[in-house]
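Engineer: Input: one structure, supplied below.
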Amino acid sequence: MDVEDSVKKSSFSVSKNVHGLSWGVTAFFIVADLVGGGVVAMPVAFNNTGLVTGIIFMVIICLFLSYTGRLLGENWVIMRERWPVYREHCRNPYPQMALRSMGIKTRWLVVLAMLCTVFAVLLVIVSIGIDFKQCYNDVHYPPFSFFDALLTFGTFIFAFSGHTVLPTIQHDMRNPENFKKSVILGFSMVAILYMPISIVAYLAYGDSMDESVIDSVQILWIRYTADLAIALHCILTMIITINPVNQQVEKIFKAPHKFCLKRLIIRACVLAAALFVALTIPVFTSIMDLFGCTTIPPCCVFLPCLFNMFFKAAERDEKTGEYKIPTLLQVIQRTPKGRLCWHLVIMTVTLVGSVISFYISAKDFATVKFTYPCYLTPFLKDDEEPFNGREINCCGQHKNIYLHGNASYCRGALQ
């Protein structure tokens with residue numbers, strides 16, 4: 001029997017978790033996992049790609065990564081059907097997927113986190129709408145450069161990444177077989193969040209944007225509220241995004257599955273390490289470009305495709321009753337040619353884009369000006385420029401148009 005048929009015909013009770021998440025709520029978890037930094041960085045990336053290329057990049061990468069997310073869902077259903085141990089608690093589903101092939105109570109926090117981001121996006125769009133007429137009259141768009149466009153490849157992938165968390169989310173579903181619906185709905189909602197704010201911000205502000213679109217918002221209370229909403233989103237979704245790391249570390253140190261001092265210390269240390277990295281690298285655009293084209297493509301594109309092909313090419317050993325890991329040649333022979341070609345197209349496009357983007361982003365990263373972390377501020381010299389929270393990236397080709405305040409607060413005005 002074909003693997004897909006066997007999965008579809010598998011007993012419903014095998015995969016059912018009566019207290020699990022519905023596929024609709026799971027989609028909200030996916031949105032909460034994916035969005036965050038992409039909301040503020042994606043509009044700035046359009047400066048390098050231009051409007052049309054940026055839209056094309058976003059649509060293609062969204063389609064590619066939603067497809068590979070769907071593959072991860074198929075992989076997990078196959079694992080649960082073949083190995084009953086995965087029907088119970090699994091601390092590290094993504095690594096287990098690699099091995100085999102080659103929390104419910106927080107649901108409302110996740111929904112609240114996603115609503116915070118939606119609220120922030122709406123605030124920013126409203127503010128851009130207020131600024132649009134006067135900013136658009138004097139806007140300047142940078143000339144299109146193919147290499148500059150490729151530099152943002154990592155940013156686009158980063159904005160839709162988060163695949164290592166997806167199996168953990170799927171594991172908590174009521175019916176894991178419905179995960180493909182959650183992926184389609186979740187990625188669609190993320191694209192709906194990203195696309196309008198990116199297009200409107202690019203049209204209104206052009207190349208006056210730098211690092212974050214929120215720094216270009218000219219109404220002060222909206223800027224602060226949007227920043228707070230994004231921060232609240234990140235705090236709430238950290239429960240999801242950092243959970244696979246927590247569980248992997250707990251597995252290494254053999255922490256029990258119940259609440260105890262050992263688990264508390266482990267999770268506090270992981271959180272402290274994440275906080276230290278965030279404070280040490282306050283300007284994240286170059287990091288996003290670099291990691292988006294190096295570490296993320298394997299986890300979000302290459303491995304899901306390979307895992308899926310190896311799982312579906314595996315055959316049961318009649319003597320042992322176990323599924324044998326196929327060779328690469330067997331995978332090629334047993335995979336339908338249409339699916340094989342599609343996977344090769346996805347991986348080839350991603351590989352070429354990642355290699356070129358890595359070369360460009362590595363050069364850019366080597367020359368980027370280092371921003372001192374806040375914990376070094378007391379040790380800096382007096383002539384260091386102090387941080388002024390009221391400064392903004394003013395719009396216009398000379399970056400000197402401030403519609404709602406004193407133009408002296410324009411950061412880097414050309415005249």
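Going by the UniProt record's numbering, 56 is the number at position 56 of the sequence shown; the sequence numbering is gapless.
Beta carbons: idealized from backbone N, C-alpha and C, even for Gly.
(1) Specify whether the stretch 171 to 185 and the stretch 37 to 54 touch according to this definition: at least 3 beta carbon pairs, one from each stretch, less than 8 Å apart.
(2) Please give the ranges of any alpha helix (DSSP H) in the stretch 253 to 332, keeping only runs that are unbroken, at least 4 residues long and fully inside the region.
(3) Is the CB-CB distance between V190 and L21 below 8 Å?
(4) Is it the case that the Cβ atoms of G353 and F153 are separated by a distance below 8 Å?
(5) Would you please state the rounded distance, in angstroms, between the beta carbons of Y141 and C395? I believe it to be under 8 Å.
(6) By how many angstroms is the C-alpha of G69 removed from the C-alpha of V183?
(7) Closest by CA to residue 424, which one among Y202, C374, R100 and S357?
(8) From what residue to what residue does the alpha helix (DSSP H) around Q218 run?
(9) Buried or exposed: W23, going by 16 or more other Cβ atoms within 10 Å of its Cβ?
(10) In the DSSP assignment, what are the bridge partners of I401?
(11) Given that a residue counts as buried once 16 or more other Cβ atoms are within 10 Å of its Cβ, and exposed if not, what is R316?
(12) Is it right to say Y375 is buried, meaning 16 or more other beta carbons lie within 10 angstroms of its own, or is it exposed?
(13) Do you know how far the Cα of I332 is from the Cα of residue 416?
(14) Does the Cβ of S127 have 16 or more other Cβ atoms within 10 Å, making it buried, or fewer, making it exposed?
(15) In this structure, how does DSSP classify K9 when only helix, strand and coil are distinguished?
(16) Starting from M195, trace the alpha helix (DSSP H) both ways and give me its first and last residue.
(17) Consult DSSP for C90 and reduce its assignment to one of helix, strand or coil.
(18) What residue does the alpha helix (DSSP H) around H171 start on, and which one ends it?
(19) On the DSSP letters alone, give me the boundaries of the alpha helix (DSSP H) that I242 sits inside.
(20) Is it buried or exposed, R230, if we count other Cβ atoms within 10 angstroms and call 16 or more buried?
(21) Considering only residues of the same chain and omitting the five flanking positions on each side of E391, which have a CB-CB separation below 7 Å?
(22) Provide the residue span of the alpha helix (DSSP H) that contains E81, from first to last.
(23) When you compare only the Cα positions, how much space is there between D131 and I157?
(24) By a C-beta neighbour count over all protein chains shown, 10 Å radius and 16 as the cutoff for buried, is A27 buried or exposed?
(25) Does DSSP put S161 in a helix, a strand or coil?
(26) Closest by CA to I235, which one among F160, L275, G129 and T350?
(27) Would you kindly report the start and end of the unbroken alpha helix (DSSP H) that includes G24?
Structural biologist: In brief:
(1) Counting Cβ pairs under 8 Å, fewer than three are found: no touch.
(2) 261 to 280, 285 to 292 and 303 to 313
(3) no
(4) yes
(5) Not quite, the Cβ-Cβ distance comes to about 12 Å (not below 8 Å), so this is no contact.
(6) The straight-line gap from Cα to Cα measures roughly 7 Å.
(7) Residue 424 falls outside the range modelled here, since the chain spans only 1 to 415, and no answer is possible.
(8) Run containing Q218: none; DSSP gives neither H nor E here.
(9) buried
(10) C395
(11) exposed
(12) Burial call: exposed.
(13) With the chain represented from 1 up to 415, any question about residue 416 goes unanswered, as that position is not in the structure.
(14) Classification for S127: buried.
(15) For K9, the pLDDT reaches just 45, beneath the cut-off of 50, and the residue's location in the model is therefore unreliable, leaving the point undetermined.
(16) Start and end: F179 to Y205.
(17) coil
(18) From DSSP, the alpha helix (DSSP H) with H171 extends over L166 to H171.
(19) Where I242 is concerned, there is no enclosing alpha helix (DSSP H), given that its DSSP letter is neither H nor E.
(20) The residue asked about is misnamed: residue 230 is Ile in this sequence, not Arg. The C-beta of I230 has 16 or more other C-beta atoms within 10 Å across all chains shown, which makes the residue buried.
(21) Y409 and R411
(22) L51 to R82
(23) 29 Å
(24) With 16 or more other Cβ atoms within 10 Å, it is buried.
(25) The answer is coil: DSSP assigns S161 none of H, G, I, E or B.
(26) L275
(27) Per DSSP, the continuous alpha helix (DSSP H) segment holding G24 begins and ends at W23 to L34.
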